[in-house]
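Before any comments, here is the structure.
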Amino acid sequence: MGDESVIESINKGKVDFDLVITTPEWMPKLAKVAKNLGPRGLMPNPKNGTITDALKKTVESFQAGKTEYKTESKAAVIHIGLGKLNQPTEQLAANVKTLLATIGKTKIKKVTLSPTMGPGVKVDLSGL
Numbered sequence: 028m029g030d031e032s033v034i035e036s037i038n039k040g041k042v043d044f045d046l047v048i049t050t051p052e053w054m055p056k057l058a059k060v061a062k063n064l065g066p067r068g069l070m071p072n073p074k075n076g077t078i079t080d081a082l083k084k085t086v087e088s089f090q091a092g093k094t095e096y097k098t099e100s101k102a103a104v105i106h107i108g109l110g111k112l113n114q115p116t117e118q119l120a121a122n123v124k125t126l127l128a129t130i131g132k133t134k135i136k137k138v139t140l141s142p143t144m145g146p147g148v149k150v151d152l153s154g155l
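For the sequence shown, my numbering begins at 28 and goes up steadily by one.
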């Protein structure tokens, strides 16, 4: 949960969270720290469901595993966070398998996992 002190700490560059969920009333206050939240992809917006009046329900859905993703219209590319660096390899592999099962492997010809900064790694689909 946040208040004015959290906004002050964000303004100082301290961002130690992965998601921001807010009400429409708080958006003008968050606009003051958009320069710190935006580049990290944390600025709430209605498209991904992070601006809501039903805070409790929204927080519960994200805690239950709701994931946000982006696609590119001109290429078969999905931008999605599959985990964090400190997660065990088994959890990351399970996340990849779940994603592939969700979108269906039948039309997928190749998969390359890429970090935000760094080279991509090709995934052998036969092992999945």
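Glycine residues also receive a C-beta, built at the ideal position from the N, C-alpha and C atoms.
All values reported here derive from a predicted model rather than from experimental measurement.
In this structure, what does DSSP give as the bridge partners for residue i?
| i | result |
| --- | --- |
| K84 | Partner(s): none; K84 has no beta bridge. |
| I78 | T49 |
| N148 | According to the sequence displayed, residue 148 carries Val and not Asn. Bridge partners of V148: L140. |
Output yes or no for whether 9 Å exceeds the beta carbon distance between residue i and residue j.
| i | j | result |
| --- | --- | --- |
| L126 | L109 | yes |
| T139 | K149 | yes |
| P51 | I78 | yes |
| L57 | P73 | no |
| K97 | H106 | yes |
Check the C-beta distance from residue i over to residue j and give it rounded, since I have them as a contact under 8 Å.
| i | j | result |
| --- | --- | --- |
| V42 | R67 | 6 Å |
| I48 | T85 | 5 Å |
With a threshold of 9 Å between beta-carbons, can residue i be considered close to chain C, or not?
| i | result |
| --- | --- |
| T94 | Note that chain C does not occur in the displayed structure, where there is just one protein chain. |
Report yes if the C-beta of residue i is less than 8 Å from at least one heavy atom of the ligand MN; otherwise report no.
| i | result |
| --- | --- |
| K74 | Among the ligands in the structure shown, none appear at all, so the ligand MN cannot be discussed. |
- Item | Segments assigned beta strand (DSSP E), at least 3 residues, entirely inside the segment 84-146 | Runs of the beta strand (DSSP E) inside the segment 84-146: 96-98, 105-107 and 138-140.
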